[in-house]
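A.B. asks: Let me begin by handing over the structure; questions about it come next.
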Amino acid sequence: AQKITQTQPGMFVQEKEAVTLDCTYDTSDQSYGLFWYKQPSSGEMIFLIYQGSYDEQNATEGRYSLNFQKARKSANLVISASQLGDSAMYFCAMRDGATGTYKYIFGTGTRLKVLA
Amino acid sequence: DSGVTQTPKHLITATGQRVTLRCSPRSGDLSVYWYQQSLDQGLQFLIQYYNGEERAKGNILERFSAQQFPDLHSELNLSSLELGDSALYFCASSVGVGAYNYGYTFGSGTRLTVV
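Protein chains in written order, with the working numbering: chain A, 1 to 116; chain B, 1001 to 1115.
The structure is reproduced here in structure tokens:
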């Protein structure tokens, strides 16, 4: 069965520093997608970044980058130059490989607090 | 505004009651997904509809049902409510076919409190 594991329930980072949020996954599919979402205290889910299993380069979106290590089955999110507004819950998710469905499996999340 | 509209934003109801949560997907999106986010279970997939037809089912209780209408909006019906059904219910939408190298779009959620 597919599984996403986020082992860091909470993290602190100083403003302007970089932080890495860990995510490991388990799947027997060859084709899969990995996502990171941000959930601020207001509750909405904000898409941050995507990595496809066949993508050879790590995905980047502004201050977000995904450190994809396929052999280790890890997809860590790196946030550079942290800002106070980055304080939120962060979820790693994997798209189910079954044909015709795009349901996601989510990890338990990491709560990030950026310190001034 | 994500383009996915969920109503109502908040709902407080008593045990044993029935409620309906509504979702209007982003324009052009054919797939609608429902997720439940609770403190003890995290984010759990409930059900997916694609162009009016049920496409995938997750850990959805028998007391819950959903449908997608011809105009593509979807409703999630929760009946015989229990305290444990209190959660944030998200709807998300996607094109559903073709390019999928981006996350689907979530609505802002409906926070259900069962008292």
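For every residue, glycine included, the Cβ atom is placed at its ideal position computed from N, Cα and C.
Near A:R72, which residues of its chain fall below 6 angstroms by C-beta distance, leaving aside the five closest residues on each side in sequence?
C.D. replies: none
A.B. asks: Against chain A, with Cβ distances strictly below 8 angstroms, would B:F1064 count as a contact?
C.D. replies: no
A.B. asks: Whose CA, out of B:G1107, B:G1028, B:Q1068, B:L1076, lies closest to the CA of B:L1046?
C.D. replies: B:L1076
A.B. asks: List the residues of chain B that A:Y37 touches, going by C-beta distances under 7 angstroms, in chain order.
C.D. replies: Under a criterion of Cβ atoms nearer than 7 angstroms, the residues of chain B adjacent to A:Y37 are, in order, G1103.
A.B. asks: Indicate whether B:S1079 and B:R1026 have their beta-carbon atoms separated by less than 8 angstroms.
C.D. replies: no
A.B. asks: Taking one C-beta from the region 18-34 of chain A and one from the region 66-86 of chain A each time, how about it: are there three or more such pairs within less than 8 angstroms?
C.D. replies: Contact holds: three or more Cβ-Cβ distances are below 8 angstroms.
A.B. asks: Could you pull the start and end residues of the beta strand (DSSP E) that A:K113 belongs to?
C.D. replies: 110-115
A.B. asks: Determine, using beta-carbon pairs with one atom in the region 55-65 of chain A and one in the region 1044-1060 of chain B, whether at least three such pairs fall under 8 angstroms.
C.D. replies: no
A.B. asks: Please state whether DSSP places A:D86 in a helix, a strand or coil.
C.D. replies: helix
A.B. asks: Could you check the C-alpha separation between A:P40 and A:A59 for me, to the nearest Å?
C.D. replies: 22 angstroms
A.B. asks: By the three-class DSSP mapping on this structure, what secondary structure does B:G1098 have?
C.D. replies: Low local confidence applies: a pLDDT of 40 at B:G1098 is under 50, so the model's placement there is unreliable, with the coordinate-based value given in what follows. DSSP, reduced to helix, strand and coil, places B:G1098 outside both helices and strands of the structure shown, so it counts as coil.
A.B. asks: Output yes or no for whether 8 angstroms exceeds the beta carbon distance between B:Q1068 and B:Y1089.
C.D. replies: no
A.B. asks: Whole-angstrom Cβ separation of A:K103 and B:Y1033, contact assumed at under 8 angstroms?
C.D. replies: 6 angstroms
A.B. asks: Answer with yes or no whether the minimum CB distance from B:L1011 to chain A is below 8 angstroms.
C.D. replies: Chain A has no Cβ within less than 8 angstroms of the Cβ of B:L1011.
A.B. asks: Report yes or no: is there a C-beta of chain A within less than 8 angstroms of the C-beta of B:Q1048?
C.D. replies: yes
A.B. asks: Let's see if you can read the secondary structure: which residues bound the beta strand (DSSP E) around A:G52?
C.D. replies: 46-52
A.B. asks: Taking 8 angstroms as the CB-CB cut-off, is B:L1039 touching chain A?
C.D. replies: no
A.B. asks: Helix, strand or coil: how does DSSP classify B:D1001 here?
C.D. replies: coil
A.B. asks: Where does A:L21 sit, in a helix, a strand or coil, going by DSSP?
C.D. replies: In the three-state DSSP reduction, A:L21 falls in the strand class (E or B).
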